[in-house]
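Chains as they are written, first to last, in our numbering: chain C, 11 to 90; chain E, 11 to 90.
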């Protein structure tokens with residue numbers, strides 16, 4: 011089973027890396043960019059076919075390792 | 011207009027960071043993880059309402075700055 015966990019900064023948390031990318035895009039002449047925020051994505055291959063169990067394991071993984079719940083949100087999608 | 015650019019490693023490209031996360035998840039006792047690959051996500055706020063133009067700018071941004079087309083794939087989604 012494949013799944014994707016997307017981790018993004020909560021709104022209000024400063025994102026200096028996103029700001030730097032925003033500046034670089036402007037310097038490259040790419041028009042119309044108002045803001046950029048960077049996040050992370052984890053493509054995870056899981057053993058077994060039990061979706062509920064996989065979602066439980068992924069929630070555990072996100073809260074213990076993949077995301078910092080104080081400053082980041084995460085979203086789990088089981089792709090199939 | 012909001013858009014998301016997702017950048018992932020092409021298959022076949024080694025991902026030591028993903029491997030390290032895989033090892034850490036196993037060490038934490040999270041069962042059933044077969045493999046992990048890490049990618050990046052960029053949430054971009056764009057000025058204007060012209061979707062075709064925005065997609066053009068985002069393709070430009072992805073190829074010039076956000077992704078390395080030799081080893082990475084990217085996907086553009088205009089969220090609305």
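Glycine included, C-beta positions come from ideal geometry on N, C-alpha and C. What you are looking at is a predicted structure, and each value in this text was computed from that prediction instead of being measured.
In chain E, which residues lie less than 8 angstroms from residue i when you measure between Cβ atoms?
{"i": "residue 74(C)", "result": "38, 40"}
Quick test of your reading: residue i and residue j, contact by CB under 8 angstroms. State the CB separation rounded to the nearest angstrom.
{"i": "residue 64(E)", "j": "residue 88(E)", "result": "6 angstroms"}
{"i": "residue 73(E)", "j": "residue 19(E)", "result": "Wrong, their Cβ atoms sit about 16 angstroms apart, outside the cutoff."}
{"i": "residue 12(E)", "j": "residue 53(E)", "result": "7 angstroms"}
{"i": "residue 84(E)", "j": "residue 23(E)", "result": "That belief does not hold up - the Cβ atoms of residue 84(E) and residue 23(E) are roughly 14 angstroms apart, past 8 angstroms."}
Along chain E, which residues have their Cβ under 7 angstroms away from the Cβ of residue i?
{"i": "residue 47(C)", "result": "53"}
{"i": "residue 61(C)", "result": "Residues of chain E passing the Cβ test: none, with the nearest at roughly 12 angstroms."}
{"i": "residue 35(C)", "result": "71, 75"}
How about residue i and residue j: do their beta carbons lie closer than 8 angstroms?
{"i": "residue 162(E)", "j": "residue 42(C)", "result": "A query on residue 162(E) cannot be resolved here, the shown segment of chain E reaching from 11 to 90 and no further."}
{"i": "residue 9(E)", "j": "residue 46(E)", "result": "A question about residue 9(E) goes unanswered here, because the residues of chain E that appear run from 11 up to 90."}
{"i": "residue 50(E)", "j": "residue 17(C)", "result": "no"}
{"i": "residue 44(E)", "j": "residue 56(C)", "result": "yes"}
{"i": "residue 86(C)", "j": "residue 69(C)", "result": "yes"}
DSSP three-state label for residue i, please.
{"i": "residue 41(E)", "result": "coil"}
{"i": "residue 24(C)", "result": "coil"}
{"i": "residue 90(C)", "result": "coil"}
So residue i contacts chain C; which residues on that side make the cut at Cβ distance below 8 angstroms?
{"i": "residue 31(E)", "result": "52, 75, 76"}
Could you name the residues of chain C that residue i contacts, counting a contact when the two beta carbons are closer than 7 angstroms?
{"i": "residue 58(E)", "result": "42"}
Secondary structure, alpha helix (DSSP H): runs of 4+ residues fully inside the stretch 56-81 of chain E: If we require 4 residues or more, the alpha helix (DSSP H) runs fully inside the stretch 56-81 of chain E come out as 61-71.
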